Amino acid sequence: MSKVLITGGAGFLGYHLAHHFAHKGVQIALLDIAPYEESEYPAGTEFYTGDVRNREQVRAALEKAQPRWVIHGAAALPLWKREDIFSVNVEGTRIVLEESFRAGVERVAHVSSTAVYGVPKKHPIEETDPLIGVGPYGESKIQAERVCEEFRAKGHIVPIIRPKTFIGQARLGVFQILYDWVESGARIPMIGDGRNRYQLLEVTDLAEAYWLVCTVDPDKANDTFNIGAERFQTVREDIQALCDFAGSGARPMGTPAGLVKFVLRVLEALKLSPLYKWVYETADKDSFVSVAKAKAQLGWSARYSNAEALIRSYQWYLEHASGLEIGTGVTHRVAWEQGALKVFKWLLGGRKRKIPTSMVKV
Numbered sequence: 154m155s156k157v158l159i160t161g162g163a164g165f166l167g168y169h170l171a172h173h174f175a176h177k178g179v180q181i182a183l184l185d186i187a188p189y190e191e192s193e194y195p196a197g198t199e200f201y202t203g204d205v206r207n208r209e210q211v212r213a214a215l216e217k218a219q220p221r222w223v224i225h226g227a228a229a230l231p232l233w234k235r236e237d238i239f240s241v242n243v244e245g246t247r248i249v250l251e252e253s254f255r256a257g258v259e260r261v262a263h264v265s266s267t268a269v270y271g272v273p274k275k276h277p278i279e280e281t282d283p284l285i286g287v288g289p290y291g292e293s294k295i296q297a298e299r300v301c302e303e304f305r306a307k308g309h310i311v312p313i314i315r316p317k318t319f320i321g322q323a324r325l326g327v328f329q330i331l332y333d334w335v336e337s338g339a340r341i342p343m344i345g346d347g348r349n350r351y352q353l354l355e356v357t358d359l360a361e362a363y364w365l366v367c368t369v370d371p372d373k374a375n376d377t378f379n380i381g382a383e384r385f386q387t388v389r390e391d392i393q394a395l396c397d398f399a400g401s402g403a404r405p406m407g408t409p410a411g412l413v414k415f416v417l418r419v420l421e422a423l424k425l426s427p428l429y430k431w432v433y434e435t436a437d438k439d440s441f442v443s444v445a446k447a448k449a450q451l452g453w454s455a456r457y458s459n460a461e462a463l464i465r466s467y468q469w470y471l472e473h474a475s476g477l478e479i480g481t482g483v484t485h486r487v488a489w490e491q492g493a494l495k496v497f498k499w500l501l502g503g504r505k506r507k508i509p510t511s512m513v514k515v
């Protein structure tokens, strides 16, 4: 039986990759510096604690697990300090690659990001378009890809996937704030008029892409791929679809983008808002990629649209809202403290309401 080791296994993507690969009959091993909720994972999962920047810890996990494949999903997110972002995302990637191939791993599939493209005007974005990272996170992801390419040049199989923002069951963070506002019946302020197209991705569609790069012919897998939903509308239309499903009275509303961005910059500087630059500076721009290459080379296709992905994620939120703990806002599996945004929610008509039991059925 094949085995996969997933770095960042305690995170949102790691959780879904573990279940997806286990469903395919693969043994699961996880490596993360964060604590695990072991009962949430498939039976027989191996749990290893370690920092990808610590060579000895990475080596020990690989020697014990002896995986066929590694999916490198451990990463520092945009809210982290600059030095931590680069040490985790770049040096951590190098260590994982070096130690994986030293241990005889067949393939290391890397989790990159469409943040490597910056905010281009040309759409759809293709894999050959210029890489212009915005901020430390985007810059670090470009550098991490270059490390992966070094190992490809040495003859190793290192698929790179650049996913759009992915959501699904157990995705919290900034999306938990959206779901809280929708559930409360508030007007949902968009940055701008919401007529831009912003592609999302359901996490199980992303997990299938990783399954394919681990299993298809090496000549097809050893490449770089965009992954995103194939069906998506404007931001306004996708949020309206979520509001219609919720039936709470919530509805999207346009705002002057320049003014809202200025306010959010001030609130972020004062540590009164969990929203960071990459979220609010790109929210009023078109952002969608071509997935033609993944469809042609991997045989991949997206099962869910933007609206379907949002609704699936919102359904999970309704089922679990009462038990969520508010966290610091640095991971996607934590419900973020909204800070000053709670005041705006109240001003925009947000009220606490009892969730009908019919709403939580998946």
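Residue 154 is where the sequence shown starts when you use our numbering, and the numbers rise one by one after that. Glycine is no exception: its CB is placed at the ideal position from the N, C-alpha and C atoms. Values in this document were obtained by computation on a predicted structure and should not be read as measured data.
Nearest neighbour of residue 469 by Cα position, chosen from 187, 421, 423, 321, turns out to be 321.
Under the 10 Å beta carbon count, residue 423 is surrounded by fewer than 16 other beta carbons and is classified as exposed. One alpha carbon belongs to residue 454, the other to residue 448, and they sit about 6 Å apart. Beyond the five residues adjoining it in sequence on each side, residue 200 comes within less than 7 Å, by CB distance, of 183, 189, 191 in the same chain, given in chain order.
Within the model, the alpha-carbon separation for residue 331 versus residue 314 is close to 26 Å. Counting only runs of at least 3 residues, the stretch 319-404 fully encloses the following beta strand (DSSP E) elements, listed from N- to C-terminal order: 340-342, 377-380. In the structure shown, the three-state DSSP call for residue 201 is strand.
Annotated three-state conformation of residue 208 is helix, per DSSP.
Distance between residue 198 and residue 157, taken at the CA atoms: about 10 Å. Look at residue 435 here: in three-state DSSP terms it is helix. Only residues of its own chain outside the window of five on either side were considered, and among them 158, 182, 184, 201, 203 have a CB closer than 8 Å to the CB of residue 214, listed in chain order. Scanning 272, 374, 154, 299 for the CA closest to the CA of residue 242 turns up 299.
Within 10 angstroms of the beta-carbon of residue 347 lie 16 or more other beta-carbons, which makes it buried. Looking at 414, 335, 439, 418, the one whose alpha-carbon comes closest to that of residue 393 is 335. DSSP, read as helix, strand or coil, puts residue 219 in coil. In this structure, the alpha-carbon of residue 272 lies about 33 Å from that of residue 308.
Here residue 225 is actually not in contact with residue 258; their C-beta atoms are around 11 Å apart, not less than 8 Å. Counting C-beta pairs with one atom in each stretch, the stretch 385-405 and the stretch 288-305 have fewer than three that are closer than 8 Å, which means they do not touch.
Taking C-beta separations shorter than 6 Å and ignoring five residues to either side along the sequence, the partners of residue 316 in its chain run 354, 359, 380, following chain order. Residue 387 and residue 351 have their C-alpha atoms some 7 Å from each other.
Here DSSP, grouped into helix, strand and coil, assigns residue 423 to coil.
The three-state reading of DSSP puts residue 158 in strand, counting E and B together.
In the three-state DSSP reduction, residue 225 falls in the strand class (E or B). Taking 8 Å as the upper bound for CB-CB distance, residue 429 and residue 232 are in contact here, some 5 Å apart.
Note that the C-beta distance between residue 218 and residue 161 is not below 7 Å. For residue 289, the secondary structure class from DSSP, reduced to helix, strand or coil, is helix. If you draw a 10 Å sphere on the C-beta of residue 475, you find fewer than 16 other C-beta atoms in it, and that means exposed. In this chain, residue 282 is not harboured by any beta strand (DSSP E), its DSSP state being neither H nor E. The shortest CA-to-CA distance from residue 179 to any of 440, 457, 292, 221 is the one to 221. Per DSSP, the continuous alpha helix (DSSP H) segment holding residue 248 begins and ends at 245-255.
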